[in-house]
Amino acid sequence: MELDTESTAVVVVDTQKGFCHPDGSLYAPASGEAVGAIADVVDEARDAGVQVVFTRDVHPPEQFDDAHYYDEFERWGEHVVEGSWEAEIVDELEVRDEDKVVVKHTYDAFQGTELDAWLSAHNIDDLVFCGTLANVCVLHTAGSAGLRDYRPVIVEDALGYIKEDHRDYAVEHADRLFGETATRDELGFV
Numbered sequence: 011m012e013l014d015t016e017s018t019a020v021v022v023v024d025t026q027k028g029f030c031h032p033d034g035s036l037y038a039p040a041s042g043e044a045v046g047a048i049a050d051v052v053d054e055a056r057d058a059g060v061q062v063v064f065t066r067d068v069h070p071p072e073q074f075d076d077a078h079y080y081d082e083f084e085r086w087g088e089h090v091v092e093g094s095w096e097a098e099i100v101d102e103l104e105v106r107d108e109d110k111v112v113v114k115h116t117y118d119a120f121q122g123t124e125l126d127a128w129l130s131a132h133n134i135d136d137l138v139f140c141g142t143l144a145n146v147c148v149l150h151t152a153g154s155a156g157l158r159d160y161r162p163v164i165v166e167d168a169l170g171y172i173k174e175d176h177r178d179y180a181v182e183h184a185d186r187l188f189g190e191t192a193t194r195d196e197l198g199f200v
């Protein structure tokens with residue numbers, strides 16, 4: 011799969027210590043294991059001159075105090091609280107000055123953020139997704155991208171997940187309904 015370096019960005023979803031480090035409150039071993047593959051995608055993109063976007067799932071402590079239904083702390087427990095160690099990107103992935111960092115407060119990195127405007131300003135059409143969790147934030151953000159008429163490509167061997175069937179569901183869902191999937195070996199930035 012060839013992707014134009016001028017119109018492509020790699021979106022690295024929520025590779026934070028709370029999800030990818032063994033001491034994180036929502037650590038999943040497959041998420042920690044995916045960090046090396048995610049780093050490979052980022053390195054290949056940078057070598058080709060492709061823009062890199064990191065999303066960070068961050069929750070102010072009071073975010074869900076007045077929630078009627080959407081309360082991630084109730085569903086998942088308190089996690090990646092603003093200013094905490096858990097909210098930081100893992101040390102293995104270096105965020106550089108030229109990278110875009112999007113702080114989000116829901117599963118979808120387009121919801122209430124500047125991501126769409128930033129992508130539009132940089133003439134980005136194709137989005138390559140990797141990160142964690144495959145069936146939660148990666149899937150919701152990639153789906154939202156597809157509904158906004160971007161071309162989402164999920165890198166199926168650079169995803170974190172709790173259960174393998176969760177990853178499989180996310181990959182199949184994306185491929186059938188709104189995007190494409192590829193392995194790291196199938197990606198090519200030209």
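Convert by adding 10 to the 1-based position in the sequence shown; the result is the number in the numbering used here. Just so you know, even glycine gets a beta-carbon here, dropped at the ideal spot from N, CA and C. Computed from a prediction, not measured in an experiment: that's the story for all the values here.
Residue i beta carbon near the ligand ADP (any heavy atom closer than 8 angstroms)
| i | result |
| --- | --- |
| D107 | The ligand ADP is absent from the structure shown, which contains no ligands of any kind. |
DSSP state of residue i mapped onto helix, strand, coil
| i | result |
| --- | --- |
| T151 | helix |
| D136 | strand |
| F64 | strand |
| G156 | helix |
| G122 | coil |
| E98 | coil |
| V2 | Past the boundaries of the shown model lies residue 2; the chain is included only from 11 to 200, so the question cannot be answered. |
| E12 | strand |
Residue i versus residue j - alpha carbon distance
| i | j | result |
| --- | --- | --- |
| I134 | A184 | 19 angstroms |
| A192 | S41 | 18 angstroms |
| A58 | S17 | 12 angstroms |
| K110 | R186 | 29 angstroms |
| V112 | T123 | 7 angstroms |
| V105 | A119 | 17 angstroms |
| E96 | S35 | 8 angstroms |
| Y171 | C30 | 10 angstroms |
| L129 | A55 | 16 angstroms |
| R161 | F188 | 8 angstroms |
| V163 | S94 | 31 angstroms |
| L13 | G198 | 6 angstroms |
| E190 | Q121 | 22 angstroms |
| H132 | E98 | 26 angstroms |
| K114 | D126 | 13 angstroms |
Span of the alpha helix (DSSP H) around residue i
| i | result |
| --- | --- |
| R177 | 174 to 187 |
| V45 | 39 to 58 |
| L125 | 125 to 131 |
| G28 | 27 to 30 |
First and last residue of the uninterrupted beta strand (DSSP E) at residue i
| i | result |
| --- | --- |
| P162 | 161 to 169 |
| A19 | 18 to 23 |
| E190 | 190 to 192 |
| V112 | 110 to 114 |
Residue j beta carbon less than 9 angstroms from that of residue i
| i | j | result |
| --- | --- | --- |
| T65 | G141 | yes |
| A180 | L169 | yes |
| T15 | V146 | no |
| E196 | M11 | yes |
| V45 | A19 | no |
| E10 | V68 | There is simply no residue 10 to check, as the chain begins at 11 and stops at 200 in what is shown. |
| V90 | D24 | yes |
CA nearest to the CA of residue i, picked from the options
| i | options | result |
| --- | --- | --- |
| A49 | H150, T15, E102, E98 | E102 |
| V148 | S130, D53, D178 | D178 |
| E43 | K27, R56, E54 | K27 |
| R194 | V51, D24, Y37, L13 | V51 |
| K173 | G198, L143, R158 | L143 |
| H176 | C30, V100, A38, T25 | A38 |
| P32 | Y160, V100, A47 | V100 |
| T116 | V138, V163, T151, G198 | T151 |
| V21 | F139, E190, K114, L157 | F139 |
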